[in-house]
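**Student:**
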Amino acid sequence: MHRNRHNAPASQILLGVAVIVIGFLFLLDNLGWMDINASIHFWPVILIVAGALKISQSRAGSGSLVGVLLIAAGGLLLLKGLGLIYLSWRMLAPLLLIGAGMMVVFRSVRRSRAADGSPAYGLKDGNGEESLNIMAILGGYKRRISSQDFRGGEVTALMAGCELDLRDASIQGEAVLNVFSMFGGITIEVPTDWTVVLEGTPILGGFEERTNGGQGSNKRLIVRGYAIMGGLEIRN
Numbered sequence: 001m002h003r004n005r006h007n008a009p010a011s012q013i014l015l016g017v018a019v020i021v022i023g024f025l026f027l028l029d030n031l032g033w034m035d036i037n038a039s040i041h042f043w044p045v046i047l048i049v050a051g052a053l054k055i056s057q058s059r060a061g062s063g064s065l066v067g068v069l070l071i072a073a074g075g076l077l078l079l080k081g082l083g084l085i086y087l088s089w090r091m092l093a094p095l096l097l098i099g100a101g102m103m104v105v106f107r108s109v110r111r112s113r114a115a116d117g118s119p120a121y122g123l124k125d126g127n128g129e130e131s132l133n134i135m136a137i138l139g140g141y142k143r144r145i146s147s148q149d150f151r152g153g154e155v156t157a158l159m160a161g162c163e164l165d166l167r168d169a170s171i172q173g174e175a176v177l178n179v180f181s182m183f184g185g186i187t188i189e190v191p192t193d194w195t196v197v198l199e200g201t202p203i204l205g206g207f208e209e210r211t212n213g214g215q216g217s218n219k220r221l222i223v224r225g226y227a228i229m230g231g232l233e234i235r236n
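Residue numbers (the numbering used here): 1 to 236.
(1) Measure the Cβ-Cβ separation of I48 and G74 and say whether it is below 9 Å.
(2) Quick one: what's got a C-beta closer than 6 Å to I222's C-beta in the same chain, skipping five residues either side?
(3) Is it buried or exposed, L232, if we count other Cβ atoms within 10 angstroms and call 16 or more buried?
(4) Nearest-angstrom Cα distance between R151 and S170?
(5) Identify, in the order they occur along the chain, each residue of the same chain with its Cβ nearer than 8 Å to the Cβ of N212, setting aside the five sequence neighbours on each side.
(6) Which of the three DSSP states, helix, strand or coil, is assigned to D168?
(7) Could you name the residues of the same chain whose beta carbon sits closer than 6 Å to that of S217, not counting the 5 residues immediately before and after it, in chain order?
(8) Between V68 and G51, how many whole angstroms is the CB-CB distance? I'm expecting something under 8 Å.
(9) Going by the beta-carbon positions, is the gap between R224 and Q57 smaller than 9 Å?
(10) Output the distance between the C-alpha atoms of L95 and A157, rounded to the nearest integer angstrom.
(11) Report yes if the C-beta distance between I234 and I188 is below 9 Å; otherwise report no.
(12) Apart from the five residues just before and just after V19, which ones in its own chain have a Cβ nearer than 6 Å to its Cβ?
(13) Roughly how many angstroms lie between the CA atoms of G140 and N30, to the nearest whole one?
(14) Excluding the 5 residues preceding and the 5 following I145 in the sequence, name in chain order all residues of the same chain whose CB lies nearer than 8 Å to its CB.
(15) Could I get the ranges of all uninterrupted beta strand (DSSP E) runs contained in the stretch 146 to 210, with 3 residues as the minimum, in chain order?
(16) Starting from G140, follow the alpha helix (DSSP H) in both directions and report where the run begins and ends.
(17) Identify, in the order they occur along the chain, each residue of the same chain with its Cβ nearer than 8 Å to the Cβ of F183, setting aside the five sequence neighbours on each side.
(18) Roughly how many whole angstroms lie between the Cα atoms of A93 and G99?
(19) What residue does the beta strand (DSSP E) around G231 start on, and which one ends it?
(20) Going by DSSP, which residues form a beta bridge with R220?
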C-alpha cells in the first residue's frame with residue numbers, strides 16, 4: 001500500500017508531462033512553426049504513455065507486463081509511422097499473439113505457485129480473495145468477492161468489460177484498489193456501509209461514483225487509477 005502512495009505522484013508527473021508536450025505541439029502548429037498533420041504519426045505515443053502509467057501504478061508482475069507490452073506496441077508503431085522500420089499486419093498479428101501468450105503463461109505460473117502453497121500475490125485460502133489481480137483483455141469478466149478482509153488489488157481492462165461485485169465483502173479499515181481501463185469499462189459494486197474515495201484520472205474517458213451512505217464509516221475503499229478512452233463506474 002505504501003509503495004502505491006509513493007508511485008502516485010510519479011505517475012501524475014508523467015501524465016502532466018505528456019499533456020504539456022501535446023499542448024506544446026499544438027501551440028507550435030498554431031504559430032505556424034510546425035505542421036501538426038505531419039505529426040499524426042506520433043499517435044502511438046499514447047500507447048507508450050499508457051504503458052508507462054500502467055507500470056508506475058502496478059504492484060503485480062502481470063500489470064507491469066501489460067505496461068511493457070503497451071510500450072513495445074507503441075514503440076513499434078511509432079517507428080513504423082516514421083518510416084524507420086517496415087511492419088505489416090502479417091508481422092504484427094503474430095507479435096500480438098506472442099504477447100497474449102506471455103500474459104497467459106505468466107498468470108498460470110503464479111496460480112500454480114499459489115496452489116502449491118508458494119507465496120503469490122492476490123490469492124487467499126478460503127472462500128474469498130483478500131487481494132485481487134484481475135485482467136480482462138478483449139472480452140468480458142465478472143467476479144463476486146466475499147472476503148471479509150478485503151485489501152484491494154489491481155483491476156485491468158483492455159478493450160474489455162469488467163464487473164466486480166464486492167457487496168458480500170468487508171474491509172478491516174482501509175483498502176486500495178488500483179484500476180486501469182483502456183478502450184474498455186470497469187464497474188464496481190460496493191456495500192452501502194463503505195466510504196468510497198475516488199482518486200483516479202480519466203483521459204478522454206469518464207469516472208462516475210454513484211454510491212450513497214457510508215459517511216463516517218471506518219471501512220474505506222480508495223480507488224486509484226486511469227481510464228484512457230474508457231470508463232469506471234462505482235455504485236451500490
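We put the CB at the ideal spot given by N, CA and C, even for glycine.
Given the structure is predicted, the values throughout are model-derived calculations rather than measurements.
**Tutor:** On the basis of the data shown:
(1) As a position in the sequence shown, residue 48 is number 48, starting the count at 1. As a position in the sequence shown, residue 74 is number 74, starting the count at 1. Cβ distance < 9 Å, so I48 and G74 count as in contact.
(2) Within the sequence shown, residue 222 is the residue found at index 222, counting from 1. Cβ within range, chain order: V176 and V197.
(3) Here residue 232 refers to the residue found at position 232 when the sequence shown is read from its first residue. That one is buried.
(4) Here residue 151 refers to the residue found at position 151 of the sequence shown. Here residue 170 refers to the residue found at position 170 of the sequence shown. Those two C-alpha atoms are separated by around 9 Å.
(5) Mapped onto the sequence shown, residue 212 falls at position 212. For N212, where only same-chain residues beyond five positions count, the Cβ hits under 8 Å are T192 and N236.
(6) Position 168 of the sequence shown, counting from 1, holds the residue named residue 168. Three-state DSSP puts D168 in coil, outside helix and strand.
(7) Your numbering for residue 217 matches position 217 in the sequence shown. Excluding positions up to five away in sequence, the list reads D193 and T195.
(8) For the purposes of this step, residue 68 is taken as residue 68 along the sequence shown, with counting starting at 1. For the purposes of this step, residue 51 is taken as residue 51 along the sequence shown, with counting starting at 1. At roughly 7 Å, the Cβ-Cβ gap stays under 8 Å, so V68 and G51 are in contact.
(9) As a position in the sequence shown, residue 224 is number 224, starting the count at 1. As a position in the sequence shown, residue 57 is number 57, starting the count at 1. Yes, the pair counts as a contact, with Cβ atoms nearer than the cut-off.
(10) As a working mapping, residue 95 is identified with position 95 in the sequence shown. As a working mapping, residue 157 is identified with position 157 in the sequence shown. Spanning the two alpha carbons is a distance of roughly 20 Å.
(11) Here residue 234 corresponds to residue number 234 of the sequence shown, with the count starting at 1. Here residue 188 corresponds to residue number 188 of the sequence shown, with the count starting at 1. By the CB criterion at 9 Å, I234 and I188 fall inside the cutoff.
(12) Here the question's residue 19 lines up with position 19 in the sequence shown. Excluding residues within five positions, none has a Cβ falling inside 6 Å.
(13) Within the sequence shown, numbered from 1, the residue matching residue 140 stands at position 140. Within the sequence shown, numbered from 1, the residue matching residue 30 stands at position 30. Cα to Cα, the separation comes out at about 42 Å.
(14) On the sequence shown, residue 145 is found 145 positions in, with the first residue counted as 1. Contacts found: G128, E129, L132, L164, D165, L166, D168 and A169.
(15) 152 to 158, 161 to 165, 174 to 182, 185 to 189, 195 to 198, 201 to 203 and 206 to 210
(16) Mapped onto the sequence shown, residue 140 falls at position 140. G140 -> not in any alpha helix (DSSP H); beta strand (DSSP E) instead, spanning G140 to R144.
(17) The sequence position of residue 183 within the sequence shown is 183, counting from 1. So the qualifying residues of the chain are L158, M159, I228, M229 and G230.
(18) One-based indexing of the sequence shown puts residue 93 at position 93. One-based indexing of the sequence shown puts residue 99 at position 99. Their backbone Cα atoms lie some 10 Å apart in a straight line.
(19) Translated into positions along the sequence shown, residue 231 becomes position 231. From DSSP, the beta strand (DSSP E) with G231 extends over G231 to R235.
(20) Taking the first residue of the sequence shown as 1, we reach residue 220 at position 220. For R220, which the question treats as bridged, DSSP gives the partners E174 and T195.
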